[in-house]
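A short write-up of the structure that comes next.
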Amino acid sequence: MVLALCVPQMLMAQQRVSENLNFGWKFQAGDVTNGAQAKLSDAGWRTVDVPHDFQIEQPWIAPAADEKADNTDVAANIKSRLSSRGFKEMGKGWYRHHYTPADSLRGRRLLLDFGGIMYVADVYLNGQRIGGTDYGYVGFQIDVTDKIRFGQDNVIAVMADTREPNNSRWYTGGGLFRNVRLIATSRDLYFERHPLYITTRSNRYVNVGFEFTNKGRSKSVRVGLKVYAPNGECVYQAVEQKQRISASRTMETTMKEFAIDNPQLWDTEHPNLYRAEVVLMREDGSVADVAESQFGIRTVEIGPDYGLKLNGKKVLLKGYANHHSLGALGAAAYPRAIEKRLQLMKQFGINHIRTSHNPYSREFIELCDKYGILVVDELYDKWTRQHTGGRVAFEQLWQYDVPEWVKRDRNSPSVVLWSLGNELQQDPNQPYNDFGVTMYKLQKTLLQRYDSTRLVTVAMHPRYRNWQTDSLPCDLAMQTDIQAYNYRYMYFPGDGRRFPWMTFYQSEASVSAMGQNFFEMNLDKVIGLAYWGAIDYLGESQGWPAKGWGQGVFDISLEPKPKAYYMKSFFCPEEPVVHIGVIDKKGDQMWNGVQTGNDGMSDHWNRVEGQKLSLITYTNAEEVELLLNGKSLGKKKNDVKNAKMRNQIRWEGIAYKPGSIEAVARNNGTIVARHKIETTGNATKLTATPDNAEWKADGEDLQHIRIVAVDKKGRKVQTTAEKVTFSVEGDAKIVGVINGDINSEEMTVGTERRLYNGTCTVILRAARQAGPVTLTAVAPGMKPVKLKLTMLPK
74 MVLALCVPQM LMAQQRVSEN LNFGWKFQAG DVTNGAQAKL SDAGWRTVDV
124 PHDFQIEQPW IAPAADEKAD NTDVAANIKS RLSSRGFKEM GKGWYRHHYT
174 PADSLRGRRL LLDFGGIMYV ADVYLNGQRI GGTDYGYVGF QIDVTDKIRF
224 GQDNVIAVMA DTREPNNSRW YTGGGLFRNV RLIATSRDLY FERHPLYITT
274 RSNRYVNVGF EFTNKGRSKS VRVGLKVYAP NGECVYQAVE QKQRISASRT
324 METTMKEFAI DNPQLWDTEH PNLYRAEVVL MREDGSVADV AESQFGIRTV
374 EIGPDYGLKL NGKKVLLKGY ANHHSLGALG AAAYPRAIEK RLQLMKQFGI
424 NHIRTSHNPY SREFIELCDK YGILVVDELY DKWTRQHTGG RVAFEQLWQY
474 DVPEWVKRDR NSPSVVLWSL GNELQQDPNQ PYNDFGVTMY KLQKTLLQRY
524 DSTRLVTVAM HPRYRNWQTD SLPCDLAMQT DIQAYNYRYM YFPGDGRRFP
574 WMTFYQSEAS VSAMGQNFFE MNLDKVIGLA YWGAIDYLGE SQGWPAKGWG
624 QGVFDISLEP KPKAYYMKSF FCPEEPVVHI GVIDKKGDQM WNGVQTGNDG
674 MSDHWNRVEG QKLSLITYTN AEEVELLLNG KSLGKKKNDV KNAKMRNQIR
724 WEGIAYKPGS IEAVARNNGT IVARHKIETT GNATKLTATP DNAEWKADGE
774 DLQHIRIVAV DKKGRKVQTT AEKVTFSVEG DAKIVGVING DINSEEMTVG
824 TERRLYNGTC TVILRAARQA GPVTLTAVAP GMKPVKLKLT MLPK
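The sequence shown begins at 74 in this note's numbering and counts up by one.
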C-alpha cells in the first residue's frame with residue numbers, strides 16, 4: 074500500500090503547494106489611471122497586508138443638511154444615502170503585488186486563489202485583465218500557468234469597487250478582505266477546486282468522493298485514502314484504481330464506503346473532527362496531488378414534530394444573525410477576530426449563527442466546526458442586480474455562485490441548513506415575476522447537484538403574500554424545505570395547523586421582544602431562532618450620529634450589555650444567572666415594520682443622590698431579593714408563566730443612595746447567584762488585559778487588549794470617558810481601536826480612543842518575527858499601563 078505518508082521524499086517533491094500572498098501589497102485609494110500597468114510606479118503607494126478593508130480607513134460622511142432630521146424622526150434620518158453603508162463614502166481602491174515565482178514552480182499548473190474581494194473587482198497580471206468577481210462574498214481562482222513570467226517581476230493588480238450606496242443594505246467594506254494565495258499543482262494529474270465531498274451515514278459509515286483531472290497518457294490512476302481520528306490516529310486507509318471511462322479528462326468518483334468503529338461523533342458540546350487525505354498517484358508511485366478536508370460524523374434530522382435533531386437528540390438553535398463585519402476591523406476577515414466572537418457567544422449559550430445575508434469566510438465556517446456552532450449558511454440577500462453587486466444581472470451570477478459556495482462548505486459538520494436568500498417579498502423585481510418561486514427551484518436544483526444531504530430554505534419577511542395582513546403564507550413558503558420567517562413567529566401555530574408538513578425556524582428575532590419571542594414558540598417543535606443584530610455593527614444606522622446598528626445585547630467592542638445576561642438566562646437554563654440593569658432611557662425604534670428599540674441600560678451605581686431609578690433584574694432563578702446598602706428592598710418572584718416577563722423582574726422608583734445595590738437570586742430558598750454593583754471613586758489608573766495567550770508571529774494573528782479605568786480599589790469606573798493614547802514597542806502594529814459607543818465620531822483606526830463605560834479596546838496585528846512586544850496606554854489623570862507581551866514562533 075502506497076500512501077502520502079509512506080512515499081519517499083523524492084517522489085513527493087511535485088505535490089501541491091499553497092503560497093501565502095497576503096503580505097506586502099501596495100495600495101492606493103480611489104481610481105488610478107493605468108493602475109493595472111506593470112510599468113506604473115507604485116513606490117509612493119502605501120504598503121498593506123491582507124486581509125484589508127480600505128473603507129474602514131475612510132472618514133465618516135455626515136448626512137447633508139437637507140438629509141438631517143431630529144433624532145426621534147428615524148424615518149427621515151434613514152433617508153441619508155450612506156446610512157445603510159456605515160456613513161462611509163463609496164469608491165474604488167487599487168492593490169498591486171510584486172511577485173517573482175520560485176524556480177521550483179516551473180512546469181507547474183499555477184492558480185491565483187482569492188477568498189473574496191469586496192464588493193466587485195477586476196484582477197490583472199502584468200497589465201492584462203485575467204479575471205475578477207461580480208459578487209465579492211464568493212471566492213474564485215484564476216489559472217495563470219501560461220501568464221506568469223519566471224525570472225522576473227510580475228505585477229498582480231486588483232481594482233476593488235464598493236459600488237453605489239444602494240447596492241447593499243449594510244456596511245460591506247472594500248478591498249482584499251480575505252486571503253490571497255498562489256496554488257501550484259502538477260499539470261498532468263490534479264484535483265479540481267474544492268474537490269472532496271465527504272458524507273456520513275448512520276453515524277458510522279463514511280463516503281469520500283472527489284473530482285480530479287487526468288491529462289496523462291494512462292487512463293488509470295491510483296488513489297490513496299487515509300482517515301485520521303480527532304486525536305491524529307489513522308483509523309482507515311485504502312488504495313483503489315480509478316479508470317477514466319469517458320472522453321472527459323475531468324471526472325467525479327468515490328472511494329468504496331467504509332465504516333469507522335466506535336466513532337467520536339460531532340455535536341455542539343463535543344465537536345470532534347476527523348480528517349480525510351486523498352492522494353493521486355502516478356504509475357511510478359509518485360504523488361501528483363493531495364487534497365484533504367476535515368469532516369464530522371453526525372446526523373441531522375429536521376421535521377415538523379421535533380424541529381431539529383442532532384445525532385438523534387433534539388437540539389434547539391439558539392443563535393443570532395449579524396452581518397459579516399468585525400467592529401473596528403471593518404470587513405477584514407481575521408480568523409482570530411472571528412474566533413474571539415465565537416468564544417464569547419458560547420459563554421452566553423449561543424450555539425447557532427445565520428450568515429446574513431452572504432457567505433462568510435471559509436475560516437469562519439472552519440471555526441464553527443471547531444467550536445460546535447450550528448450554521449445556517451446563506452448565499453444572498455434579494456435576488457436582484459441591485460442587491461448582489463450591481464455590476465451584472467443576478468441571472469448571470471447564481472450559476473457560478475451556487476456551486477462555489479456549496480462545494481466550499483459542504484464537508485463542514487457545522488452547516489446544517491442552506492439558505493438561498495432573504496426577504497424577497499419586499500422587492501417585486503425578482504426574476505420571473507413570481508416572488509422567487511421559480512428562481513428558488515432553479516437554484517435548489519443546482520445546489521442539490523453538489524450536496525443532497527441538507528435541506529434548503531429562504532428567510533422570509535413578511536411571511537404573508539403581501540405587505541397587508543394575509544391569512545396565508547406566501548407562495549415561496551409553500552416551496553421551501555423549511556419555513557423560515559423573520560420575526561413572524563406568531564404565525565407558526567396557525568400555519569402548522571393548516572399545513573402540518575411545515576417545519577418552522579425564526580430566522581430573525583427582534584432583540585426588543587427577546588424572551589417573549591422565545592418562550593411563545595413551541596420549543597419542542599421549532600428549529601429555533603436567530604436574534605437579529607445581537608452584536609452592534611456598522612451600517613444600517615437608525616439615524617445619525619449612530620454609525621450603525623446599536624440595538625444589540627453586545628456593543629460593537631464586544632462588551633456585554635445588561636440584556637446579554639437576560640439572553641443567557643434562557644439560553645443557559647442550567648446555569649444560575651442574575652444581573653442588574655438600570656434603565657437610562659426608553660427605546661422605541663422601528664425597523665422593517667418591527668419594533669427593534671431596546672431600553673438604554675447600564676450596570677453601574679454612580680448616580681445622582683435621590684434620583685428615582687427603574688431597574689430590571691435578569692434571572693432564571695425562582696426569586697430575587699434586592700438589597701440597597703445591605704437593606705432589603707423586598708423579594709419578587711420570577712413570573713415564569715408570563716412569556717413577556719419571564720426571567721426579568723422589574724423594580725420601580727428605587728431612590729438612589731451611594732454605596733451598593735445587590736441582587737440575590739434563590740431557588741427553594743437557597744442562594745444560587747448574586748450580582749452586586751457599587752459606587753466607585755474617581756478613576757486613578759488604567760489596566761490592560763490581553764485575550765490571546767497563544768499569540769503567534771504569523772503576520773496575521775491578533776491580540777485584543779481590553780483597557781479599563783479603575784479606582785483605587787480596582788473597580789471599573791464606567792462614568793469616565795478620557796481619551797487613551799497607545800504606543801507599541803516591538804514588531805507588531807495597531808490595526809484597530811474601538812469602544813462601545815456606536816455614536817462616536819472617532820475613527821476605528823489610529824492610536825487613540827476615548828473610554829466608554831470605562832473601557833476601550835486596542836487590537837494588535839502580529840508581525841512574522843517572534844519576540845517581545847510592549848503596549849503602553851496613557852490617559853489624563855490616570856496612572857498609565859505598560860503591558861509586556863510575547864509573540865510566539867509560528
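For glycine and all other residues, C-beta sits at the position ideal for the given N, C-alpha and C.
Computed from a predicted structure; not experimentally measured.
Top-ranked residue by Cα proximity to residue i, from the options
{"i": "ASN95", "options": "GLY164, PHE187, ASP176 and ALA102", "result": "PHE187"}
{"i": "ILE600", "options": "ASN424, HIS397, VAL253 and ILE256", "result": "ASN424"}
{"i": "SER485", "options": "VAL510, ILE370 and LYS856", "result": "ILE370"}
{"i": "TYR192", "options": "PRO501, GLY463 and TRP622", "result": "GLY463"}
{"i": "GLU436", "options": "ASP482, SER429, LYS806 and GLU451", "result": "ASP482"}
{"i": "THR218", "options": "ARG838, VAL211, GLY247 and PRO174", "result": "PRO174"}
{"i": "VAL475", "options": "ASP261, TYR513 and ASN671", "result": "TYR513"}
{"i": "ARG680", "options": "PRO649, LYS641, GLY732 and ILE629", "result": "GLY732"}
{"i": "LYS517", "options": "ASN506, VAL529 and PHE508", "result": "VAL529"}
{"i": "SER614", "options": "VAL228, TRP243, MET718 and ILE215", "result": "TRP243"}
{"i": "PHE627", "options": "GLU477, SER359, LEU298 and PHE421", "result": "PHE421"}
{"i": "GLY166", "options": "ARG179, GLY159 and ALA230", "result": "ALA230"}
{"i": "HIS343", "options": "LYS161, SER487 and PRO566", "result": "SER487"}
{"i": "LEU519", "options": "LYS480, ILE190 and PRO546", "result": "LYS480"}
{"i": "GLU69", "options": "ASP207, MET533, ALA770 and PHE283", "result": "Since the first residue shown for the chain is 74 and the last is 867, residue 69 is missing from the structure and cannot be characterised."}
{"i": "ASP548", "options": "ASN506, THR526, ASP524 and ALA756", "result": "ASN506"}
{"i": "ALA330", "options": "ASP340, VAL281, GLU802 and ALA302", "result": "Reading off the sequence shown, one finds Glu at residue 330, where the question assumed Ala. If we check each option's Cα against that of GLU330, VAL281 comes out closest."}
{"i": "GLY673", "options": "ASN595, SER319, GLN624 and SER642", "result": "GLN624"}
Any non-hydrogen atom of the ligand SAH within 7 Å of residue i CB
{"i": "ILE256", "result": "Here there are no bound small molecules, and the ligand SAH is not part of this structure."}
DSSP three-state assignment for residue i, whether helix, strand or coil
{"i": "MET324", "result": "strand"}
{"i": "ASN384", "result": "coil"}
{"i": "PRO633", "result": "strand"}
{"i": "LEU528", "result": "strand"}
{"i": "LYS786", "result": "coil"}
{"i": "PHE421", "result": "coil"}
{"i": "GLN624", "result": "coil"}
{"i": "ILE411", "result": "helix"}
{"i": "ASP143", "result": "Model confidence at ASP143 stands at a pLDDT of 47, short of 50, so the residue's coordinates are unreliable; what they give is reported in the following sentence. Looking at ASP143 - three-state DSSP - the assignment turns out to be coil, as it is neither helix nor strand."}
{"i": "GLU696", "result": "strand"}
{"i": "ASP226", "result": "coil"}
{"i": "TYR453", "result": "coil"}
{"i": "VAL479", "result": "helix"}
{"i": "GLU647", "result": "coil"}
{"i": "ASN559", "result": "strand"}
{"i": "ARG522", "result": "helix"}
{"i": "ILE129", "result": "helix"}
{"i": "TRP339", "result": "strand"}
Residue j beta carbon less than 8 Å from that of residue i
{"i": "LEU828", "j": "ALA794", "result": "yes"}
{"i": "SER544", "j": "TYR560", "result": "no"}
{"i": "GLN310", "j": "ARG295", "result": "no"}
{"i": "GLY754", "j": "ALA839", "result": "no"}
{"i": "ASN227", "j": "LEU198", "result": "yes"}
{"i": "LEU775", "j": "ALA550", "result": "no"}
{"i": "LEU59", "j": "THR847", "result": "What is shown of the chain runs 74 to 867, which leaves residue 59 out entirely."}
{"i": "PRO646", "j": "ALA694", "result": "no"}
{"i": "PRO432", "j": "TYR270", "result": "no"}
{"i": "TYR558", "j": "PHE577", "result": "yes"}
{"i": "PHE264", "j": "ASP362", "result": "yes"}
{"i": "ILE815", "j": "ARG826", "result": "no"}
{"i": "LYS99", "j": "ASP122", "result": "no"}
{"i": "ARG414", "j": "LEU631", "result": "yes"}
{"i": "GLY494", "j": "LEU447", "result": "no"}
Cβ distance (whole Å) where residue i is taken to contact residue j below 8 Å
{"i": "GLN589", "j": "GLY403", "result": "Wrong, their Cβ atoms sit about 34 Å apart, outside the cutoff."}
{"i": "ALA766", "j": "HIS748", "result": "Contact doesn't hold; Cβ gap of about 28 Å is too wide."}
{"i": "LYS288", "j": "GLN316", "result": "At roughly 15 Å, the Cβ-Cβ gap does not stay under 8 Å, so LYS288 and GLN316 are not in contact."}
Below 8 Å, how does it come out for the segment 270-281 and the segment 230-242: are there three or more Cβ pairs, yes or no? Cβ pair count under 8 Å is below three, so no.
Counting Cβ pairs, one atom from each stretch, are 3 or more of them under 8 Å apart for the segment 504-511 and the segment 382-393? Taking 8 Å as the limit for Cβ pairs, the verdict is that the segment 382-393 does not touch the segment 504-511.
Indicate whether the contact test is met: 3 or more Cβ pairs, each with one atom in the segment 687-702 and one in the segment 629-647, closer than 8 Å. Result yes; three or more Cβ-Cβ pairs closer than 8 Å.
Check whether the segment 616-623 touches the segment 741-749, counting contact only when three or more Cβ pairs, one atom from each stretch, lie closer than 8 Å. Under the Cβ criterion (8 Å, minimum of three pairs), the segment 616-623 does not count as touching the segment 741-749.
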